[in-house]
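One point on numbering: in the UniProt record's numbering, the residue at position 10 of the sequence shown is 10, and numbering is uninterrupted. For each residue, glycine too, the CB sits at the ideal point set by N, CA and C. Computed from a prediction, not measured in an experiment: that's the story for all the values here. Here the structure comes first, spelled out in structure tokens, and everything after it is commentary.
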Amino acid sequence: ECSRQCERLLRLVETPPVVAEYVTTHSLMLALVAAGYGVGFSTAAHAVACRQADVIVRPLDEDSAALTTYLLHAEGAMSEPLRHFIDRAQRVGHMPLDTQRLA
């Protein structure tokens, strides 16, 4: 889903980018970017949590650049850990990028 949302966002520019590689992990993307293979796109949460000295992270200057995340759970009463997880996810989702690491 994340790659589809990135592709929709990138279709908004006049010159479409050439996608050289899709990666399965954020660490691999950072390694390829650090090696000079190009640029990478990531969520704000990954950008804050996974920093690498030779990669510069810049936010997209686009209000519609958002990643939608869905949580599916069984019907009925929620366990206490699940309720805490949902509450924290909602708090983090509404925080400015620079404070998310502290949540």
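Short Cβ contact (8 Å threshold) for residue i with residue j
| i | j | result |
| --- | --- | --- |
| C50 | H26 | yes |
| V23 | L32 | yes |
Coarse secondary structure for residue i, derived from DSSP in three states
| i | result |
| --- | --- |
| F41 | coil |
| E7 | helix |
| Q90 | helix |
| V13 | coil |
| R34 | Going by the sequence as given, residue 34 is Ala instead of Arg. Residue state, collapsed to three classes: helix. |
| H84 | helix |
| H46 | helix |
| M78 | coil |
| L28 | helix |
Same chain, Cβ closer than 7 Å to residue i, five either side skipped, listed in chain order
| i | result |
| --- | --- |
| F41 | C6 |
| H84 | none |
Contact set for residue i: own chain, Cβ-Cβ below 6 Å, skip 5 residues either direction
| i | result |
| --- | --- |
| V39 | none |
| M29 | V23, G40 |
| D98 | Low confidence applies here, because D98 scores a pLDDT of 48, under 50, leaving its location unreliable; read the following figure in that light. Within the same chain, D98 has no close Cβ partners at all. |
Nearest-angstrom Cβ-Cβ length linking residue i and residue j, presumed shorter than 8 Å
| i | j | result |
| --- | --- | --- |
| I56 | L71 | Contact flag wrong, Cβ pair sits at about 32 Å. |
| D54 | A77 | About 49 Å separates the two Cβ atoms, so there is no contact after all. |
From the options, residue whose alpha carbon lies closest to that of residue i
| i | options | result |
| --- | --- | --- |
| A47 | T15, E21, P59, G36 | P59 |
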